[in-house]
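Number of protein chains: 2
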Amino acid sequence: MKLLQERIRQEGLILSDTVLKVDSFLNHQVDTKLALEIGQELARRFADRRITKVLTIEASGIQFAMATGIALEVPFIYAKKKKAVTLSEQVYSAPVHSFTRQETYQVSISQKYLGPEDRVLIVDDFLATGAALVGLVDIVKEAGAELVGVGCVIEKSFQQGRGLLEDRGVRIESLARIASMSPGEIHFIDEEGQTGERAKENATC
Amino acid sequence: MKLLQERIRQEGLILSDTVLKVDSFLNHQVDTKLALEIGQELARRFADRRITKVLTIEASGIQFAMATGIALEVPFIYAKKKKAVTLSEQVYSAPVHSFTRQETYQVSISQKYLGPEDRVLIVDDFLATGAALVGLVDIVKEAGAELVGVGCVIEKSFQQGRGLLEDRGVRIESLARIASMSPGEIHFIDEEGQTGERAKENATC
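These protein sequence lines are chains A and B, in that order. Using the working numbering, the letters of the first sequence map in sequence onto residues 161 to 365. Using the working numbering, the letters of the second sequence map in sequence onto residues 161 to 365.
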């Protein structure tokens with residue numbers, strides 16, 4: 161998705177070879193128009209798959225699951241990271257390790273909202289280590305639902321997440337695939353699967 | 161908002177005099193069409209106020225801030241509940257006590273995304289104790305931005321949140337105001353400010 165790649169070049173802050181901040185337009189302050197376009201593009205890529213529900217994880221997946229649910233005209237569910245006092249019924253759950261926060265938490269969803277009749281698209285903001293997404297894939301399997309695929313906004317293709325999902329036979333669509341990056345420089349894999357132009361960018365612009 | 165009140169009657173689960181679960185359509189599984197209509201209604205109520213940004217708090221405010229931002233054609237910001245490794249710059253922050261989770265956490269937003277030039281509408285799913293919303297009001301004040309008001313999806317009018325916000329001179333618009341509830345029964349304050357019809361409902365229907 162060229163529009164998204166351009167925006168990452170313009171506004172993304174590359175703090176290291178692995179840390180990219182996009183919180184001016186994607187996951188802290190959110191450009192609602194861009195988020196809607198991201199949802200439309202993810203919906204287009206899975207248009208023929210008769211999806212019944214979009215699944216994501218709180219918090220930064222919510223705006224993209226919402227946008228994709230709007231485009232597909234289906235509800236979305238967001239997995240919770242802690243069992244709250246008001247979440248008293250039976251849940252599907254999986255442990256997830258966050259490398260950003262350096263902690264392991266439990267993700268869970270109510271068993272009432274996912275079942276064998278569902279065809280599920282998982283959506284998230286980042287595919288990097290794959291930890292959260294593998295947890296969601298396991299939850300879909302536990303529910304007996306059909307997993308249609310995983311749609312991500314940004315993929316760090318140099319990390320192991322894609323491989324972990326592909327090992328499980330999961331179809332992945334990422335709208336911006338980063339081949340490599342370092343402060344001042346970012347290389348995308350283009351939509352045909354080739355490494356894109358090597359453009360030097362000022363990471364702070 | 162009659163459509164919302166009807167949906168709460170049909171699908172809300174009243175677990176006690178203070179706990180209402182709406183996670184089948186609002187804050188775990190989300191009816192995207194209803195969420196968009198909620199956003200349109202909140203936007204309509206603040207239509208003439210030249211809002212530049214919608215502000216909410218992760219996680220369950222995000223879908224309604226997104227919907228309101230779509231309707232107003234402005235970005236939204238969601239305050240974070242913990243200082244993440246990647247949130248390295250200066251932040252505005254406030255402490256918030258969650259009665260649901262029985263813990264106190266820090267909410268924060270980057271100083272880059274809110275300033276004296278902004279006119280802010282705060283949006284959240286529930287107004288109950290008001291703890292989270294008072295924290296957001298304090299953050300808007302700290303940023304020197306203009307607070308246009310607070311828009312909530314559901315208000316538990318029998319709790320102190322509205323009073324705390326009114327003491328600070330904040331305009332509040334809530335789409336469903338609950339006067340009282342108990343398992344099997346819910347009473348709304350209608351849109352003209354009167355106590356609505358006393359309808360007995362089966363809390364599990």
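Glycine is no exception: its CB is placed at the ideal position from the N, C-alpha and C atoms. All of these numbers come straight from a predicted model, not from anything done at the bench.
Using the beta-carbon of each residue, which ones in chain B are nearer than 8 Å to residue i?
i: residue 226(A); result: 190, 192, 195, 222, 223, 226 and 227
For a contact meaning CB atoms closer than 8 Å, what does residue i contact in chain A?
i: residue 316(B); result: Result: empty, since nearest Cβ-Cβ is about 13 Å, beyond 8 Å.
i: residue 174(B); result: Within 8 Å Cβ-Cβ: nothing; residue 174(B) doesn't reach chain A, min ~11 Å.
Residues of chain B with CB closer than 7 Å to the CB of residue i, please, in chain order.
i: residue 183(A); result: 270
Does any residue of chain A have a CB that is nearer than 8 Å to the CB of residue i?
i: residue 286(B); result: no
i: residue 238(B); result: yes
i: residue 346(B); result: no
i: residue 365(B); result: In this prediction, residue 365(B) has a pLDDT of 33, which is less than 50 and means its spatial position is unreliable; what the coordinates show is noted afterwards. For residue 365(B), the answer is no, since every Cβ of chain A falls outside 8 Å of its Cβ.
i: residue 219(B); result: yes
i: residue 162(B); result: no
Could you pull the DSSP bridge partners for residue i from this structure?
i: residue 311(A); result: 283(A) and 333(A)
i: residue 258(A); result: 263(A)
i: residue 252(B); result: 269(B)
i: residue 341(B); result: 346(B)
i: residue 193(A); result: Note: residue 193(A) sits in no beta bridge, so no partner.
i: residue 237(B); result: 189(A) and 215(B)
i: residue 174(B); result: 180(B)
i: residue 306(A); result: 279(A)
i: residue 162(B); result: Residue 162(B) pairs with nothing; no bridge assigned.
i: residue 301(A); result: Paired residues: none, contrary to the question.
i: residue 316(B); result: 338(B)
Taking residue i as the query, report the chain A residues whose CB atoms sit under 7 Å from its CB, ordered along the chain.
i: residue 265(B); result: Within chain A, no residue comes near residue 265(B); the closest Cβ sits about 12 Å away, beyond 7 Å.
i: residue 230(B); result: 192 and 196
Using 8 Å as the limit for Cβ to Cβ distance, is residue i near chain B?
i: residue 235(A); result: yes
i: residue 252(A); result: no
i: residue 362(A); result: Its pLDDT being 39, under 50, residue 362(A) is placed unreliably by the model, and the measurement read from it follows with that caveat. No, no contact with chain B.
For the ligand ZN, I want to know if residue i counts as a neighbour, meaning its beta carbon is within less than 7 Å of at least one of the ligand's heavy atoms.
i: residue 287(A); result: Although the ligand ZN was asked about, the structure shown includes no ligands whatsoever.
Roughly how many angstroms lie between the CA atoms of residue i and residue j, to the nearest whole one?
i: residue 169(B); j: residue 174(A); result: 48 Å
i: residue 305(A); j: residue 283(A); result: 16 Å
i: residue 320(B); j: residue 253(A); result: 35 Å
i: residue 277(B); j: residue 213(B); result: 10 Å
i: residue 327(A); j: residue 235(B); result: 38 Å
i: residue 172(B); j: residue 237(A); result: 17 Å
i: residue 291(B); j: residue 299(A); result: 33 Å
i: residue 307(A); j: residue 333(A); result: 13 Å
i: residue 162(B); j: residue 336(B); result: 8 Å
i: residue 341(B); j: residue 177(B); result: 5 Å
i: residue 180(B); j: residue 226(A); result: 23 Å
i: residue 343(A); j: residue 312(A); result: 23 Å
i: residue 256(A); j: residue 297(A); result: 12 Å
i: residue 220(B); j: residue 188(B); result: 8 Å
i: residue 216(B); j: residue 239(B); result: 6 Å
i: residue 261(A); j: residue 271(B); result: 21 Å
i: residue 301(A); j: residue 330(B); result: 47 Å
i: residue 244(B); j: residue 289(A); result: Its pLDDT being 46, under 50, residue 244(B) is placed unreliably in this model, and the value from its coordinates should be taken loosely. Distance between the alpha carbons of residue 244(B) and residue 289(A) is about 17 Å.
i: residue 229(B); j: residue 251(A); result: 32 Å
i: residue 263(B); j: residue 241(B); result: 12 Å
i: residue 295(B); j: residue 268(B); result: 9 Å
i: residue 203(A); j: residue 273(B); result: 29 Å
i: residue 310(A); j: residue 164(A); result: 18 Å
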